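Residues in the sequence shown are numbered consecutively from 1, following UniProt numbering. These notes concern the structure reproduced below.
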Amino acid sequence: MTGQDDALAQQESAVSSVSLDGCIYSISAYPQPNVTPTVYDVKLFRQPIPTCVYGYGSVTLGTSVVYEPTRSVAGNALGIAASYTKKSSLSGSAPITLSVHHVDPATLTVIRSSGLGVFMGMGNIVSENVAIAADGTTVTVSGSKTGVISGESGSGSHYTASYPDFFTSTTPPTIMAFP
């Protein structure tokens with residue numbers, strides 16, 4: 001399997017919706033209408049289903065220029081973790097970076113935002129998949145990359161960023177790289 005195939009497989013396996021407290025939350029990317037070059041809005045939606053006491057809602061988490069973001073979402077009683085890749089500029093040399101957000105499921109307010117990028121912009125975060133560890137408080141984001149993420153240990157084309165106490169602190173992640 002090539003690196004590109006691996007990144008595509010991770011993108012396809014990333015979870016784009018989660019059920020929490022009778023509600024379904026989904027993360028999507030939509031091109032802004034009548035904007036050239038294409039700019040994608042990354043949005044988290046709360047679906048209007050009968051079991052959801054909060055009703056319909058949405059929040060824009062960010063944007064990506066030209067590049068359609070990979071995206072995923074996870075949730076538990078402490079909140080929703082949403083992540084996506086993005087490109088901030090039309091420039092061909094602009095890197096693809098990662099954004100991770102803690103969102104309140106009731107209000108859809110973004111409580112915490114964090115980002116990761118390759119050191120000096122000399123590479124890209126190619127894919128991501130957010131998950132909540134068995135302890136219920138640690139959020140992990142895993143995927144593939146080119147280059148070295150600032151602060152990583154190890155080496156290779158894959159990474160896992162672990163955010164301890166993600167929903168209750170602003171502790172930075174521990175980043176491990178591997179082949």
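Beta carbons: idealized from backbone N, C-alpha and C, even for Gly. Please read these numbers as outputs of a predicted model, since none were measured by experiment.
Item	Value
Residue 71 vs residue 125 beta-carbon contact at 7 angstroms	no
Alpha-carbon to alpha-carbon, residue 122 and residue 94	9 angstroms
Per-residue burial, residue 90 [other beta carbons within 10 Å of its own, 16 or more giving buried]	exposed
Close beta carbons around residue 149, own chain, < 8 angstroms, minus the five adjacent residues each side	116, 117, 118, 119, 125, 159, 161, 175 and 177
Cα-Cα separation between residue 88 and residue 64, rounded to whole angstroms	6 angstroms
8 angstroms CB neighbourhood of residue 138 in its chain, flanking five on each side removed	132, 162, 163, 164, 165 and 166
C-beta atoms of residue 128 and residue 141 nearer than 7 angstroms	yes
Member of 136, 157 and 105 whose CA lies at the smallest distance from the CA of residue 56	105
Residue nearest to residue 42 in terms of C-alpha spacing, selected from 24, 19 and 85	85
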